[in-house]
Every structure is written in C-alpha cells, then in structure tokens.
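Down below is the structure, laid out as structure tokens.
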Amino acid sequence: MKWPFARDGGTPDSVEQEIDEELSFHLWKTIDELKAGGMSDTAARTAAARRFGSLQFHRRNLVRLERQAETRIRRRAVMDIVKTSFRSAIRGTRREPAFTLGVIVLLTLGLGVNAITFGLVDRLILSGPAGVDKPNRVQRVVVHHRDNGGTEIPDVGYSYQDYRDLLAAKGLTAVAGESSAPQLLGSGSAAELIRAKLVTASYFPLLGAQPFIGRFFTADESERTGERLVILSYALWQQRFGGEADAIGRVAKIGTNNYTVIGVAPRNFTGSSVTRADVFLPLEAAADEMVTGEWRTSRNFGWMSALIRLGPGTSREAAAAEATALHRAAHIEEAADRSEGRIELAPLNAVSGITSPGYVSVAGLAAIVALLVLVIASANVANLFLARAIRRSSEMAVKLALGVGRARMIAEQAVEGAMLAVAGAVVATVVTVQGGPVIQRWLFPNVDWLETTIEARTVLFVMACALLG
0 MKWPFARDGG TPDSVEQEID EELSFHLWKT IDELKAGGMS DTAARTAAAR RFGSLQFHRR
60 NLVRLERQAE TRIRRRAVMD IVKTSFRSAI RGTRREPAFT LGVIVLLTLG LGVNAITFGL
120 VDRLILSGPA GVDKPNRVQR VVVHHRDNGG TEIPDVGYSY QDYRDLLAAK GLTAVAGESS
180 APQLLGSGSA AELIRAKLVT ASYFPLLGAQ PFIGRFFTAD ESERTGERLV ILSYALWQQR
240 FGGEADAIGR VAKIGTNNYT VIGVAPRNFT GSSVTRADVF LPLEAAADEM VTGEWRTSRN
300 FGWMSALIRL GPGTSREAAA AEATALHRAA HIEEAADRSE GRIELAPLNA VSGITSPGYV
360 SVAGLAAIVA LLVLVIASAN VANLFLARAI RRSSEMAVKL ALGVGRARMI AEQAVEGAML
420 AVAGAVVATV VTVQGGPVIQ RWLFPNVDWL ETTIEARTVL FVMACALLG
C-alpha cells in the first residue's frame with residue numbers, strides 16, 4: 000500500500016522503510032474496518048487520521064528508538080569482539096614468551112632512544128631557555144660585517160660601547176648585556192670550577208625573572224667598580240649552601256676575590272641560553288677583574304653579547320633597522336667592514352647561523368640517528384609478526400573452517416599488536432626516566448637540564464611513536 004503522508008525528505012533506509020510499512024498497514028486496516036462499519040471512504044480516512052494523530056511524530060519517535068536499539072547492539076558487538084580479541088591476545092603472548100619478549104625489547108630500544116633524543120631536541124631546540132617571560136619578544140643581537148674579500152661574517156660578539164649605543168634605541172623596551180667566564184669557587188682542595196655569567200642590571204628585568212630569595216643588583220651596583228656582589232643559581236644554592244635562607248649575606252670566594260651573596264635566581268633559570276649558569280655577577284664591576292684589554296672603550300673588542308626586548312608594536316625588522324643605523328653611525332670613522340655592518344635580531348632558540356651552538360647540530364644528528372633506529376626496530380617487529388603469521392597459517396585455516404570471521408581474526412591481531420606496543424612504550428618510558436638524565440648530562444655536561452625527569456609531551460611522543468611504529 001502507498002504511504003499517504005509526506006516524509007521529512009530523502010530516500011528512506013531499511014529502518015524507515017519497515018516503520019513506514021508497519022504504520023501504513025495499521026492505518027489502512029483501521030480505514031477498512033471503519034468502511035466496513037458503514038462509513039464512507041472520506042469519512043473513514045478522516046476518522047482514522049484523527050485516531051492515529053500525527054503520523055510524522057510517531058514515525059520520528061519510532062525511527063529514533065529503532066536507531067538507538069541498533070546502536071546499542073553494535074556497541075555490544077564491538078565490545079564482545081574487543082574482549083574476545085584481548086583474551087586471545089593475552090593467551091597468544093603467554094603461549095609464545097620468546098616472541099613477546101623480542102617485540103618488547105625491540106620496541107623499548109627504538110622508543111627509548113627516540114624518547115631520550117626527543118628530550119634532547121626539546122630542551123636544546125624547541126623549548127629554549129626556561130623561565131623567560133614572553134621569549135618571542137626577546138632577541139639576540141647578531142652583527143654582520145664584511146671581511147677583506149667582501150664575504151659577510153655574522154658574529155654575536157658585541158663591544159661594550161656598542162651595547163651602550165643600543166640604549167638610545169627608541170623601539171626597544173629594554174637592552175641587556177652578558178658574558179660568560181669559567182671561575183673557581185672556593186679555595187684549596189674544596190675549590191670547584193663553575194660557570195659565571197657577567198650580566199648587566201637590566202638582564203633579569205629584560206628576561207622577566209624574579210629572585211627566588213633575596214634580590215638582584217641595581218644599575219649603580221652593577222657599574223660601581225669594586226662592588227663585589229653575586230647572585231647564586233638555585234642549583235648551586237642547594238648544593239653549596241644547603242638551600243638555607245641565611246645564605247643571603249654570606250661571602251663566597253670566586254676567583255681571587257670574595258663576593259657577597261645578595262640573592263638566588265629562580266629555579267631552573269639559566270638566563271638567555273640553556274647552558275649552565277652557576278653564578279651571576281655585575282658585568283661592569285666584575286669585568287674589571289675578569290676581562291683583559293680595553294673592554295670599556297674599544298669598539299673592536301667583542302667580548303660580550305647583547306639582548307633586547309622588542310617594544311609594543313615594534314617588529315623585529317624595524318628594531319634591527321634602528322640598531323643598524325646606530326651601529327653604522329658609531330663606526331663611521333672606522334674601517335669599512337664595521338661602518339657598513341648590519342644588525343640582525345635572532346630569537347633565543349634560533350637553530351641556524353651563528354646563533355646555533357654546536358650542541359644544536361649534535362642534537363639534530365642524534366634525532367636523525369634515533370629515527371633510523373626506530374625504523375629498523377619497527378621493521379624487525381614487523382618481520383617477527385610476519386614470521387609468526389606464517390607459523391600460524393594452519394591455525395588460522397582451522398579457525399576459518401570453524402566459522403571465525405576474517406574481521407574477528409584481524410581484530411585479534413590488531414589488539415595484540417596494540418597491546419605489545421603499549422607494553423614497549425611503558426618499558427621505554429621507564430628506561431627514559433632512569434637513564435635519560437644520565438645520557439643527557441654525559442653528552443652535554445654544560446647544558447642545564449631541568450630538574451623534572453620527564454615531560455608529559457615526551458610521554459605523548461613515545462606513545463605516538465609506539466602506535467605509529
């Protein structure tokens with residue numbers, strides 16, 4: 000019989016077709032009964048329509064209920080397949096322990112190496128210095144000048160006079176200078192080699208750092224000759240001063256002089272780079288004792304580097320152009336290579352050119368090697384699965400003969416593979432937590448590795464590699 004009421008639109012599927020036929024059957028049956036009772040065809044149709052009410056409303060509700068029932072049935076079927084596949088996978092791993100152990104070892108090797116390497120790349124290249132406020136606004140000054148052959152040479156070395164010139168730039172919120180120098184801390188047999196950073200008073204405000212305890216030195220203290228003040232790194236404060244608050248005001252012998260501790264830098268703070276910094280000294284005051292030569296007056300003595308923070312609405316290109324103009328004006332009476340110099344501003348975690356330290360190249364090479372190890376490990380795991388599938392060919396044939404569907408067999412293999420991948424990822428994560436810091440410090444002893452053992456995104460990286468591999 001023909002469905003007498005318009006549908007919502009579109010071609011009905013099997014569910015809608017069955018409901019349409021059922022409703023149509025009851026509607027026409029009611030009409031026939033009313034006509035048999037003496038009603039005319041028109042009156043019977045009207046009475047039947049009044050008795051049934053809105054057929055579209057009933058139809059929508061019935062379709063919705065039927066689809067919900069179908070969804071519940073499909074979900075139960077999927078869960079049954081997953082449970083069966085999981086139990087089958089567990090039985091398979093127990094039945095072949097050598098195969099299971101081989102897969103987990105290979106995955107641990109490939110994923111562990113990649114996790115440790117990812118930690119290297121993340122710290123050295125992706126994350127950059129820790130504890131810097133809005134690091135995308137902080138730039139490192141790179142000077143480009145030409146040699147006698149006309150080749151442009153980039154250099155992060157900056158003279159103190161050129162640094163002073165940058166203070167006049169209008170597009171910069173702040174300018175700071177820094178330099179590094181190895182020094183001995185303590186005296187006699189208890190002395191140890193530390194990494195000292197000579198920084199201007201504007202260094203900490205430019206990077207947005209706040210002291211953990213104590214204070215930072217002021218501009219007057221930084222420039223005052225003979226003012227021997229020191230700010231300890233958090234790690235050195237813990238190691239040499241026991242993390243005690245009374246370290247403030249105590250005296251530490253650095254080099255040949257005694258320095259008064261006035262503050263402790265924030266936890267994990269290393270300044271503008273990821274290399275270790277044990278103490279921070281006032282640049283001008285300490286340079287008189289630690290830097291030889293006419294560092295205060297010579298423009299050709301690039302013994303320090305300069306940092307800038309871009310002002311609001313100032314682009315890197317505009318700030319570089321202003322810095323270039325100041326640099327050329329200051330060197331106008333000198334050799335052509337300096338008077339035609341060009342200033343480039345590079346991000347703190349730049350990975351190319353002069354701003355890229357050697358360890359960045361090593362980290363990049365390690366990443367390539369780690370990916371190759373993962374590919375080889377994945378290929379070996381695939382070979383193990385293939386060899387086992389060949390051994391199980393007769394078993395699979397028996398299952399097919401007994402009526403086990405191919406979809407269920409494929410699901411069992413997929414679940415087993417995913418289970419082994421997760422197991423390998425868990426073991427690789429444990430290996431990374433235990434052995435990663437040791438390897439990192441062995442490869443790059445001068446890098447200040449953060450105190451947290453493993454980052455959440457490293458775990459996510461391992462899991463992604465496990466599933467993709």
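Sequence positions in the sequence shown follow numbering that gives the first Met the number 0 and run 0 to 468. Backbone N, C-alpha and C fix where the C-beta goes; we use that ideal spot for every residue, glycine too. Please read these numbers as outputs of a predicted model, since none were measured by experiment.
Rounded to whole angstroms, what's the CA-CA distance from S23 to A463? Just pull it up for me. Stepping through the sequence shown from its first residue, residue 23 is reached at position 24. Stepping through the sequence shown from its first residue, residue 463 is reached at position 464. Cα to Cα, S23 sits roughly 54 Å from A463.
Measure the alpha-carbon distance for D219 versus L228 and round it to whole angstroms. What you label residue 219 is simply residue 220 of the sequence shown in a count that begins at 1. What you label residue 228 is simply residue 229 of the sequence shown in a count that begins at 1. Straight-line Cα distance between these residues: approximately 12 Å.
Just checking my contact of G156 with S304 at CB under 8 Å: how many whole Å lie between their CB atoms? Residue numbering aside, residue 156 sits at position 157 when the sequence shown is read from its first letter. Residue numbering aside, residue 304 sits at position 305 when the sequence shown is read from its first letter. Indeed they touch by this definition, with Cβ atoms about 7 Å apart.
Tell me, which residues are paired with R145 by DSSP? Within the sequence shown, numbered from 1, the residue matching residue 145 stands at position 146. Per DSSP, E151.
Beta strand (DSSP E) runs wholly inside the segment 247-325, at least 3 long, in chain order: Counting only runs of 3 or more, we get 250-253, 256-263, 278-281, 304-309.
Using the rule of at least 16 other Cβ atoms within 10 Å of the residue's Cβ for burial, across every protein chain shown, is S13 buried or exposed? By 1-based counting over the sequence shown, the position of residue 13 is 14. Counting of Cβ neighbours within 10 angstroms places S13 among the exposed residues, the total staying below 16.
Please go through the same chain and pick out, in chain order, the residues whose beta-carbon is closer than 8 Å to the beta-carbon of E492, but skip the five residues on each side of it. Lying outside 0 to 468, the shown extent of the chain, residue 492 is not represented and no answer is given.
Measuring only the C-alpha atoms, how far is L282 from G292? Sequence index remark: in the sequence shown, residue 282 carries index 283 (1-based). Sequence index remark: in the sequence shown, residue 292 carries index 293 (1-based). As the crow flies, the alpha-carbon of L282 is around 15 Å from that of G292.
Going by the beta-carbon positions, is the gap between R266 and F211 smaller than 9 Å? Residue 266 sits at position 267 when you count from the first residue of the sequence shown. Residue 211 sits at position 212 when you count from the first residue of the sequence shown. With contacts defined as CB atoms closer than 9 Å, R266 and F211 qualify as a contacting pair.
Output yes or no for whether 9 Å exceeds the beta carbon distance between V273 and P128. One-based indexing of the sequence shown puts residue 273 at position 274. One-based indexing of the sequence shown puts residue 128 at position 129. One thing to note: V273 has its Cβ within 9 Å of the Cβ of P128.
A463 (DSSP reduced to helix, strand or coil): Position 464 of the sequence shown holds residue 463. In the structure shown, A463 sits in a helix (DSSP, three-state: H, G or I).
Taking the CB atoms as reference points, tell me whether A190 and L184 lie closer together than 9 Å. Position 191 of the sequence shown holds residue 190. Position 185 of the sequence shown holds residue 184. At a Cβ-Cβ threshold of 9 Å, A190 and L184 count as neighbours.
Quick one: grab the DSSP three-state call for T92. Numbered from its first residue, the sequence shown carries residue 92 at position 93. Residue state, collapsed to three classes: helix.
Residue range of the beta strand (DSSP E) that E477 falls in? Only positions 0 to 468 of the chain appear in this structure, which leaves residue 477 out of reach.
Between which two residues does the alpha helix (DSSP H) harbouring P181 extend? Indexing the sequence shown from 1 puts residue 181 at position 182. Judged by DSSP secondary structure, P181 falls outside any alpha helix (DSSP H) and instead within the beta strand (DSSP E) spanning 171-184.
Could you give the DSSP three-state label for I115: helix, strand or coil? By one-based count along the sequence shown, residue 115 stands at place 116. Residue state, collapsed to three classes: helix.
Nonlocal neighbours in the same chain, by C-beta distance under 6 Å from G312, ignoring five residues either side: For this step, residue 312 is matched to residue 313 along the sequence shown. None.
Local conformation of M0 per DSSP, three classes: Start at 1 with the first residue of the sequence shown, and residue 0 comes out as number 1. Reliability of the predicted coordinates at M0 is poor, the pLDDT of 41 falling under 50, and the value obtained from them is presented with this limitation in mind. The answer is coil: DSSP assigns M0 none of H, G, I, E or B.
Taking 9 Å as the threshold (C-beta atoms), are R308 and L165 in contact? In the sequence shown, counting from the first residue as 1, residue 165 sits at position 166. In the sequence shown, counting from the first residue as 1, residue 308 sits at position 309. Going by C-beta atoms, L165 is not nearer than 9 Å to R308.
Leaving aside the five residues before and after D132 along the sequence, list all residues of the same chain whose C-beta is less than 8 Å from its C-beta, in chain order. As a working mapping, residue 132 is identified with position 133 in the sequence shown. Excluding residues up to 5 positions away in sequence, L206, G207, A208 lie with their Cβ nearer than 8 Å to the Cβ of D132 in the same chain.
Kindly indicate which residue of A175, I331, S188 has the alpha-carbon position closest to the one of Y202. To locate residue 202, count along the sequence shown from 1; it is residue 203. For Y202, the closest of A175, I331, S188 by C-alpha to C-alpha distance is A175.
Evaluate T41 with the Cβ neighbour count: other Cβ atoms within 10 Å of its Cβ, from every protein chain shown; 16 or more gives buried, anything less gives exposed. In the sequence shown, residue 41 corresponds to position 42, counting from 1. With fewer than 16 other beta carbons inside 10 angstroms of its own, T41 counts as exposed.
List the whole-angstrom C-beta distance separating I342 from V142, where the pair is believed to meet the contact cut-off of C-beta under 8 Å. As a first step, residue 342 is located in the sequence shown; it is residue number 343 there, counting from the start. As a first step, residue 142 is located in the sequence shown; it is residue number 143 there, counting from the start. Confirmed, Cβ separation roughly 6 Å.
Note down, in chain order, each residue of its chain lying with its Cβ closer than 7 Å to the Cβ of E15, except the 5 sequence neighbours on either side. Against the sequence shown, residue 15 aligns to sequence position 16. Around E15, the same chain offers V62 as residues with beta carbons nearer than 7 Å, after the five sequence neighbours per side are excluded.
State the start and end residues of the unbroken beta strand (DSSP E) segment that holds L214. Here residue 214 refers to the residue found at position 215 of the sequence shown. According to the sequence displayed, residue 214 carries Arg and not Leu. Segment: none, R214 is in no beta strand (DSSP E) and carries neither H nor E.
Assign V102 to buried or exposed, taking buried as 16 or more other Cβ atoms, counted over all protein chains shown, within 10 Å of its Cβ. Stepping through the sequence shown from its first residue, residue 102 is reached at position 103. Taking a 10 Å sphere around the C-beta of V102, we find 16 or more other C-beta atoms and assign the residue as buried.
Mind checking whether D287 and L235 have CB atoms under 9 Å apart? To locate residue 287, count along the sequence shown from 1; it is residue 288. To locate residue 235, count along the sequence shown from 1; it is residue 236. No, they are not a contact pair.
Taking all protein chains shown into account, do 16 or more other C-beta atoms lie within 10 angstroms of the C-beta of R122, making it buried, or fewer, making it exposed? The residue you call residue 122 lines up with position 123 of the sequence shown. Looking at its Cβ environment, which holds 16 or more other Cβ atoms inside 10 Å, R122 is buried.
With which residues is R139 paired in a DSSP beta bridge? Along the sequence shown, read from residue 1 onward, the residue named residue 139 stands at position 140. Beta-bridge pairing links R139 to L306, A345.
For V137 versus L347, is the C-beta spacing smaller than 9 Å? Here residue 137 is taken as the residue at index 138 of the sequence shown, counted from 1. Here residue 347 is taken as the residue at index 348 of the sequence shown, counted from 1. A Cβ-Cβ contact shorter than 9 Å links V137 with L347.
Beta carbon of A376, beta carbon of G109: below 9 Å? As a position in the sequence shown, residue 376 is number 377, starting the count at 1. As a position in the sequence shown, residue 109 is number 110, starting the count at 1. In contact: A376 and G109 (Cβ atoms closer than 9 Å).
Which word fits Q182, buried or exposed, when buried means at least 16 other C-beta atoms lie within 10 angstroms of its C-beta? What you label residue 182 is simply residue 183 of the sequence shown in a count that begins at 1. Around the C-beta of Q182, 16 or more other C-beta atoms lie within 10 Å, and the residue is accordingly described as buried.
For K34, which three-state DSSP category applies? The residue labelled residue 34 in the question sits at position 35 within the sequence shown. Secondary structure at K34: helix, using DSSP grouped into helix, strand and coil.
Using only the alpha-carbon positions, how far apart do P436 and G301 sit? Residue mapping note: residue 436 aligns to position 437 of the sequence shown, counting from 1. Residue mapping note: residue 301 aligns to position 302 of the sequence shown, counting from 1. Each residue's CA atom was taken as its position, placing P436 and G301 some 35 Å apart.
Does the beta-carbon of A76 have 16 or more other beta-carbons within 10 angstroms, so that it is buried, or is it exposed? Position 77 of the sequence shown, counted from the first residue, corresponds to residue 76. The Cβ neighbour count for A76, taken over all protein chains shown within 10 Å, is under 16; the residue is labelled exposed.
Starting from the C-beta of L192, find all residues in its chain whose C-beta is less than 7 Å away, skip the five residues before and the five after it, and write them out in chain order. Taking the first residue of the sequence shown as position 1, residue 192 is located at position 193. Excluding positions up to five away in sequence, the list reads P181, L183.
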